[in-house]
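Quick note on numbering: the sequence shown equals residues 262 to 455 in my numbering.
Structure first, commentary second.
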Amino acid sequence: MISILFYGDSNTYGFDPRGFAGGRYPEGVRWTSQLAQKSEGRWQISNGGLNGRMIPQTSWQMKHFLEMLEDEKPGLLSVMLGTNDLLNALEPSADRIAARMEDFIRNVQDSTKGTGLRILLVSPPWIDTPDAGPACCAESRKLAGPYARVAEKLHLSFANAAEAYPQLAFDGIHLSEEGHTAFARWMEGVLTKL
């Protein structure tokens with residue numbers, strides 16, 4: 262059985278935007294729990310999602326991440342971040358977000374050298390809301406290209422979540438219930454091919 266840590270933002274956490282001030286989809290709705298149900302003993306799934314998480318940059322953020330990694334001791338680390346980095350940027354840029362991701366992954370590789378940790382880099386679902394602005398939405402659609410190049414350069418596995426065609430909730434950022442189901446099905450295929 263392979264232990265997998267899914268490290269991500271609110272779409273990994275299972276944020277439900279329908280509730281007052283937000284909430285969380287029930288356990289059986291979240292794509293990580295659906296994936297665990299599909300695993301049939303192949304994978305042990307840990308949900309490392311956090312609302313609002315951006316790609317770690319500071320020493321404190323890196324320390325917190327490495328502590329989580331030490332606690333979980335996964336054989337595979339899946340990283341799906343970048344949405345909040347785009348949403349919070351004054352001038353959104355897929356290339357700048359990818360450079361930030363490359364720095365983060367290099368730090369992870371340096372800190373876990375010799376452990377045999379495998380890394381799957383996942384380009385997140387597209388942002389699809391006018392509230393984010395046209396530049397942010399456009400750059401989210403470009404992110405897969407630079408992320409794929411980072412994965413090739415650092416010898417990572419790569420997957421593009423846009424290929425899951427997950428349905429988004431009314432806010433155009435978070436997965437709907439149907440989106441979680443589609444995403445779980447897609448991720449099962451990704452993991453099976455690794």
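From the three backbone atoms N, C-alpha and C, an ideal C-beta is built for every residue, glycine too.
If you're wondering where the values come from, they're calculated on a predicted model, not measured in any experiment.
Answer yes or no: do residue 336 and residue 264 have a C-beta to C-beta separation smaller than 8 Å? yes
Just mark residue 421 as buried or exposed, buried being the case when its beta carbon has 16 or more other beta carbons within 10 Å. buried
By the three-class DSSP mapping on this structure, what secondary structure does residue 420 have? strand
For the alpha helix (DSSP H) containing residue 402, name the first residue and the last one. 395–403
In angstroms, rounded to a whole number, what distance separates the CA positions of residue 367 and residue 317? 12 Å
Counting beta carbon pairs with one atom in the segment 302–310 and one in the segment 344–363, are three or more of them shorter than 8 Å? no
Give every residue of the same chain whose Cβ lies closer than 6 Å to the Cβ of residue 379, excluding the five residues on either side of it in the sequence, and list them in chain order. 337
Go to residue 361, then tell me how far its alpha helix (DSSP H) extends in each direction, as first and last residue. 355–372
Which residue or residues does DSSP assign as beta-bridge partners of residue 290? DSSP output for residue 290 lists no bridge partner at all.
Can you say whether residue 461 is buried or exposed, counting buried as having 16 or more other CB atoms within 10 angstroms of its CB? Missing from the structure shown is residue 461; the chain here goes from 262 to 455 and no further.
For residue 300, does the three-state DSSP call read helix, strand or coil? coil
When DSSP labels each residue in this structure, what does residue 330 get in the three-state scheme? helix
Would you identify the three-state DSSP class for residue 268, choosing helix, strand or coil? strand
If the criterion is Cβ atoms closer than 8 Å, does the pair residue 270 and residue 308 meet it? no
From residue 288 to residue 402, what does the alpha carbon distance come to, in whole angstroms? 29 Å
Taking the C-alpha atoms as reference points, what is the distance between residue 280 and residue 446? 25 Å
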